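Sequential numbering from 122 applies to the sequence shown in this note's numbering. Where is the CB? At the ideal position from N, CA and C, for every residue including glycine. In this text the structure is predicted, and so the values were computed from the model without any measurement.
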Amino acid sequence: MDSSPAQTFLVSSDDSLKRAGFTNPFSEEAAIEEAQHYMDDYTRLKDEDGQTVLHFAASHAHSEGCFYALVRQGQALLAERDCRYRTARDVAREAQQSDNVLALDAFVLDAFLERRAGLLRALAHRGYEPLLHATDRHGRHLTAVLAQFQMTDMQALVHDMDAFFLVKRDVSLVTAKGTRGRCALHVAVLAENPDVVRHLVKACPDALHVADNVSIYRK
């Protein structure tokens, strides 16, 4: 039986990744153990328009399950943007390929359900904000799915990511004080969360000079 065009594309995409120097490029084990694995130099996989194989596939229809399989294989490419600043999900939406949008969201939902925090953080740092807007085929939002399975650790991760993207959109929020006279950096230090502290300081170094309600600098 002949393979479908979608299946042929999936195989050729796999070959392209391997030819570019990736050996078992995006394994499940690597996702869990080391998020930096996903920061490899895969920009050489782009065409003259800055599009990856995932961009190309997102704009076309595929047989059931085929595009999702490609997404799992090339998951690091989710956050990549073309010369028009579009992710593969943006391309799928513009091409009205709703099944591909659902497949991309399904991958994100699965990553949360599989507690793949390293990969999710890596994608967030690459600017993939659709992480927080994923819905399943029934229209249920990510937060509702996590609440159903009582995954409090992943719910906390969503909260952290929401704050992360909020700071990226408006850095002045880092030094904004609440009703107790503390800014975000004060709270992060008190909560003993070094990752958040580093992110806030990198986003807004001036936050180091903001005093709290008793004029203490949280360095």
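Limits of the alpha helix (DSSP H) - the one that residue i falls within
i	result
Y189	C187 to Q194
F92	An answer regarding residue 92 cannot be provided, because it is not within the stretch 122 to 340 covered by the chain.
R319	P315 to A324
V342	Nothing about residue 342 can be reported from this structure: the residues present for the chain run from 122 to 340 only.
L166	Neither: L166 is in no alpha helix (DSSP H) and is coded neither H nor E.
A309	A305 to L311
Where residue i falls, given that 16 or more other Cβ within 10 Å makes a residue buried
i	result
H254	exposed
P251	buried
L199	buried
G195	buried
F270	exposed
Q172	buried
Q217	exposed
For residue i, the residue or residues it bridges with in DSSP
i	result
H364	Residue coverage of the chain in this structure runs from 122 to 340, which leaves residue 364 outside it and unanswerable.
T256	H262
Reduced DSSP secondary structure (H/G/I, E/B, other) of residue i
i	result
T264	helix
A179	helix
G248	coil
E215	helix
D327	helix
S184	coil
G239	helix
R210	helix
A197	helix
Beta-carbon proximity of residue i to residue j, cut-off 7 angstroms
i	j	result
V279	C325	no
C204	D168	no
L241	A232	yes
L230	D257	yes
H176	V212	yes
V331	T296	yes
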